[in-house]
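Chains S and C, in that order, give the protein sequences. Residue numbers 2 to 88, in this note's numbering, belong to the letters of the first sequence in order. Residue numbers 102 to 697, in this note's numbering, belong to the letters of the second sequence in order.
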Amino acid sequence: MSTSKTQVKAYWKENIKYLVILLSIWFIVSYGAGILFKEQLDTIRLGGFKLGFWFAQQGSIYVFVILIFVYVRLMNKLDKKYGYDKD
Amino acid sequence: MSVQLWTYILVGITFALYIGIAIWSRASSTKEFYVAGGGVSPLANGMATAADWMSAASFISMAGIIAFDGYDGAVYLMGWTGGYVLLALLLAPYLRKFGKFTVPDFIGDRYYSRTARSVAVFCALLVSFTYVAGQMRGVGIVFSRFLEVDINTGVLIGMIIVLFYAVLGGMKGITYTQVAQYCVLIFAFMVPAIFISIQMTGNPIPQLGFGDTIADGSGTYLLDKLDGLSAELGFVEYTNGSKSVLDVFMITLALMVGTAGLPHVIVRFFTVKRVRDARKSAGYALLLIAILYTTAPAVAVFAKTNLIESVQNKRYQEVPQWFKNWEETELIGWIDKNGDGKIQYTVGHAVEGNKNKPIFDTEKRGQQGERMITNVNSATRNELFVDRDIMVLANPEIARLPNWVIALVAAGGLAAALSTAAGLLLVISSSVSHDLIKKMIKPDISEKGELIAARLSAVAAVCVAGYFGIHPPGFVAAVVALAFGLAAASFFPAIVLGIFYKKMNKEGAISGMIIGIACMLLYMIKYKLGWFDEKLPSPDEWWFGISPEGFGAVAMTINFIVSLVICQITKKTPLEVQEIVENIRVPNNAGVSTHR
Chain S
2 MSTSKTQVKA YWKENIKYLV ILLSIWFIVS YGAGILFKEQ LDTIRLGGFK LGFWFAQQGS
62 IYVFVILIFV YVRLMNKLDK KYGYDKD
Chain C
102 MSVQLWTYIL VGITFALYIG IAIWSRASST KEFYVAGGGV SPLANGMATA ADWMSAASFI
162 SMAGIIAFDG YDGAVYLMGW TGGYVLLALL LAPYLRKFGK FTVPDFIGDR YYSRTARSVA
222 VFCALLVSFT YVAGQMRGVG IVFSRFLEVD INTGVLIGMI IVLFYAVLGG MKGITYTQVA
282 QYCVLIFAFM VPAIFISIQM TGNPIPQLGF GDTIADGSGT YLLDKLDGLS AELGFVEYTN
342 GSKSVLDVFM ITLALMVGTA GLPHVIVRFF TVKRVRDARK SAGYALLLIA ILYTTAPAVA
402 VFAKTNLIES VQNKRYQEVP QWFKNWEETE LIGWIDKNGD GKIQYTVGHA VEGNKNKPIF
462 DTEKRGQQGE RMITNVNSAT RNELFVDRDI MVLANPEIAR LPNWVIALVA AGGLAAALST
522 AAGLLLVISS SVSHDLIKKM IKPDISEKGE LIAARLSAVA AVCVAGYFGI HPPGFVAAVV
582 ALAFGLAAAS FFPAIVLGIF YKKMNKEGAI SGMIIGIACM LLYMIKYKLG WFDEKLPSPD
642 EWWFGISPEG FGAVAMTINF IVSLVICQIT KKTPLEVQEI VENIRVPNNA GVSTHR
């Protein structure tokens with residue numbers, strides 16, 4: 002179990018990369034699809050839902066849940082790669 | 102069996118369960134009292150977090166607020182769920198690795214300063230007290246509605262129950278009662294929702310049902326119908342909002358960031374064993390919260406459509422019995438303004454003054470047998486007053502569901518209010534016994550002494566909360582929503598910078614927190630409470646049209662900017678603190694939370 006400086010740095014860099022990607026998706030579905038581009042998306046329909054409205058009241062929440070579980074998976078893998086998975 | 106009897110039975114059973122759990126999970130050390138011993142499983146912690154998070158407001162009021170706000174209700178739906186993404190990705194794992202008991206612990210140690218710790222304690226107490234007063238009131242209201250006792254008696258019963266398991270069990274007792282409370286509240290919320298979805302659309306899944314066609318064979322989509330009905334009555338279309346895009350954006354952001362910064366939510370992640378458990382339990386928590394949060398907008402659509410269809414242009418004498426039942430409890434009121442004996446529902450407040458709630462004449466009845474209202478607003482043709490809470494409370498009756506379902510809603514509402522109140526009380530008591538007494542006033546206090554102090558401060562906190570529940574200051578309701586703004590303006594930037602910016606120093610963080618929370622308080626006092634002016638300034642005067650609810654996002658930005666600027670011009674962070682930061686960034690060797 003090595004916690005040498007370079008290893009910590011490399012681990013942290015990959016972690017930040019994941020955060021940037023996941024938080025961009027977080028921003029796009031909620032603030033993008035649900036708020037800023039709601040009107041444009043509302044012209045598309047998903048059954049009885051207007052798409053912008055659906056993202057604001059349903060879709061964004063589903064994506065949030067998925068995002069956290071994806072993050073959990075990615076980080077568990079990353080921990081293993083760097084040997085940080087031991088307690 | 103009558104609703105009353107069912108309610109007594111179900112509430113009695115659930116209360117016995119909570120007390121039983123409290124006795125079984127007594128805390129015997131400060132570690133058990135503050136962080137439940139540090140060995141809670143991710144799923145149990147997720148359930149406890151969800152129950153902690155979903156308050157009486159989420160359970161009773163949220164669907165109603167959405168029903169009347171339409172699209173704009175999305176600010177609560179996204180705001181109160183999206184914050185968990187921030188929590189899981191930016192805060193929970195690192196705070197767990199840091200391994201202390203409270204949020205002020207982190208702020209105090211990371212910023213190597215007693216001042217920082219004091220500021221954090223002040224913010225934690227301010228946020229938690231504004232929040233808990235509303236919860237105790239909620240407990241009282243649920244009791245009074247379902248068990249026909251006085252609101253104050255309800256608050257007292259609630260206080261005794263919470264006192265029992267919070268004082269005895271601390272975090273350990275609270276965690277396991279919250280697990281039970283989650284099960285009760287989610288079951289109570291889902292059962293009526295599923296029944297109503299089947300009745301209205303034939304689809305048993307409410308989340309899909311409200312985007313489905315109506316079950317009358319016409320092929321019309323439910324949402325299109327509601328849009329049409331709303332427009333017909335003179336309202337904005339249901340799927341379009343009336344708030345500005347900027348304000349919706351800001352409120353959502355303030356609620357998200359506030360959620361991630363609420364101390365009673367953050368401390369829940371100190372109770373799990375490992376860093377990866379903290380991540381996972383944030384996922385479970387959001388999943389379990391999402392079940393209710395994706396159902397609520399469906400309930401809102403069902404209930405609003407049902408309401409309009411069953412009352413609009415109907416003769417008062419022919420409306421269903423639930424209308425008259427809720428009229429007796431003063432949550433519905435009707436004034437026959439044009440004297441045609443029919444109910445007309447349209448834009449505007451049917452009554453004036455008294456916070457737009459009707460004042461009922463206790464004796465007189467109108468021509469149709471309706472209850473007379475004394476504060477009629479003749480400026481609008483709207484004849485109907487509907488309290489928004491009714492959308493959840495009356496749902497089972499409107500859908501003609503059996504009595505036990507109605508009683509279940511009462512038990513669910515109580516579970517929601519009690520679990521949140523208990524979680525907040527724990528934060529208050531640990532802020533006092535741990536952050537103030539142990540860390541600042543009397544560091545040499547023994548383990549046993551600290552445990553006694555923790556219990557005593559829990560008792561004191563329950564009493565203060567109960568006092569505010571019985572004598573609610575006029576501003577409590579207004580302030581509860583703003584607890585998020587306060588949390589966003591104070592904790593969130595300090596914690597995030599503390600983890601992600603190694604060079605962040607105490608001078609920057611302290612001034613950021615103080616200026617952030619001061620801006621939020623000033624804006625709130627000016628535009629929400631109106632204490633600076635003769636009367637409350639109108640929304641036209643809001644800065645850039647941003648409401649006090651959304652200002653938390655601005656105050657947070659101010660905090661970030663001030664912190665970073667001050668940091669550049671003051672002394673460097675000591676190297677050993679920078680090493681602590683490096684250490685919390687990697688997840689291994691987390692150990693259990695300690696107070697050393």
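Ideal Cβ positions, reconstructed from N, Cα and C, are used throughout, including at glycine.
Query: For residue 102 of chain C, which residues in the same chain have their Cβ closer than 7 angstroms to its Cβ, ignoring the five residues on either side in sequence?; Result: 504
Query: Please classify residue 486 of chain C: is it buried, with 16 or more other beta-carbons within 10 angstroms of its beta-carbon, or exposed?; Result: buried
Query: Please work out which residues of its chain come closer than 7 angstroms, Cβ to Cβ, to residue 131 of chain C, disregarding the five sequence neighbours upstream and downstream, and give them in chain order.; Result: 548, 551, 552, 555 and 696
Query: Using a Cβ cut-off of 7 angstroms, pull out every chain S residue sitting near residue 594 of chain C, in sequence order please.; Result: Going along chain S, no residue has its Cβ under 7 angstroms from residue 594 of chain C, so there is no contact; the nearest lies around 16 angstroms.
Query: If you draw a straight line from the alpha carbon of residue 37 of chain S to that of residue 349 of chain C, how long is it in whole angstroms?; Result: 9 angstroms
Query: Less than 8 angstroms between the C-beta atoms of residue 21 of chain S and residue 56 of chain S, yes or no?; Result: no
Query: May I ask you to report which of helix, strand or coil DSSP gives residue 85 of chain S?; Result: coil
Query: Between which residues of its own chain and residue 227 of chain C is the CB-CB distance below 7 angstroms, once the five residues before and five after are set aside?; Result: 587
Query: Tell me whether the beta-carbon of residue 528 of chain C lies closer than 8 angstroms to the beta-carbon of residue 225 of chain C.; Result: yes
Query: Strictly under 8 angstroms for the Cβ-Cβ distance: is residue 380 of chain C near chain S by that measure?; Result: yes
Query: Have a look at the DSSP bridge pairing and note the partners of residue 434 of chain C.; Result: C/486
Query: I want to see whether chain C comes within less than 8 angstroms of residue 21 of chain S, judged by CB atoms only; does it?; Result: no
Query: Hey, is the stretch 201 to 221 of chain C in contact with the stretch 374 to 388 of chain C, meaning 3+ C-beta pairs nearer than 8 angstroms?; Result: no
Query: The beta strand (DSSP E) spanning residue 461 of chain C covers which residue range?; Result: 461 to 466
Query: Select from C/655, C/650 and C/627 the residue whose C-alpha is nearest the C-alpha of residue 642 of chain C.; Result: C/627
Query: Among C/631, C/308 and C/190, which residue has its Cα nearest to the Cα of residue 367 of chain C?; Result: C/190
Query: Could one say the Cβ of residue 247 of chain C lies closer than 8 angstroms to chain S's Cβ atoms, at least one of them?; Result: no
Query: Using a 10 Å radius around the Cβ and a threshold of 16 neighbouring Cβ atoms, would you call residue 121 of chain C buried or exposed?; Result: exposed
Query: Taking only beta carbons into account, state which residues of the stretch 45 to 72 of chain S come closer than 8 angstroms to chain C, listed in chain order.; Result: 47, 48, 49, 50, 51, 54, 55, 57, 58, 59, 61, 62, 63, 65, 66, 68, 69, 70 and 72
Query: Can you pull the chain C residues whose beta carbon is under 7 angstroms from the beta carbon of residue 24 of chain S, in chain order?; Result: 190
Query: Taking C-alpha atoms, which residue in C/298, C/376, C/391 and C/459 lies nearest to residue 501 of chain C?; Result: C/298
Query: Just how far apart, CA to CA, sit residue 506 of chain C and residue 111 of chain C?; Result: 10 angstroms
Query: Would residue 267 of chain C count as contacting chain S if we go by Cβ distances under 8 angstroms?; Result: no
Query: Verify the CB distance criterion: does residue 87 of chain S have a CB-CB separation below 8 angstroms to chain C?; Result: yes
Query: Hey, residue 522 of chain C and residue 233 of chain C: beta-carbon distance below 8 angstroms or not?; Result: yes
Query: DSSP state of residue 50 of chain S, grouped into three classes?; Result: strand
Query: At 9 angstroms on the CB atoms, spell out the chain S contacts of residue 70 of chain C, in chain order.; Result: The question about residue 70 of chain C has no answer here: the residues shown for chain C are numbered 102 through 697.
Query: Would you grab the beta carbon distance between residue 519 of chain C and residue 139 of chain C for me? Rounded to a whole angstrom, and I think it's under 8 angstroms.; Result: That belief does not hold up - the Cβ atoms of residue 519 of chain C and residue 139 of chain C are roughly 24 angstroms apart, past 8 angstroms.
Query: Going along chain C in order, which residues have a C-beta closer than 8 angstroms to the C-beta of residue 37 of chain S?; Result: 346 and 350
Query: Flag this pair as yes or no: are the beta carbons of residue 278 of chain C and residue 157 of chain C separated by less than 8 angstroms?; Result: no
Query: Does the structure place the stretch 396 to 414 of chain C close enough to the stretch 305 to 318 of chain C that three or more beta carbon pairs sit under 8 angstroms?; Result: yes
Query: Between the stretch 602 to 629 of chain C and chain S, which residues of the former have CB atoms less than 9 angstroms from a CB of the latter, in chain order?; Result: none
Query: Any contact between the stretch 387 to 397 of chain C and the stretch 175 to 195 of chain C? By contact I mean 3 or more CB pairs, one from each, below 8 angstroms.; Result: yes
Query: Our contact map puts residue 313 of chain C next to residue 48 of chain S with C-beta atoms below 8 angstroms; I'd like the distance itself, whole angstroms only.; Result: 7 angstroms
Query: With 8 angstroms as the threshold, decide whether the Cβ of residue 31 of chain S is near any Cβ in chain C.; Result: yes
Query: Using 8 angstroms as the threshold, is the C-beta distance between residue 361 of chain C and residue 194 of chain C below it?; Result: no
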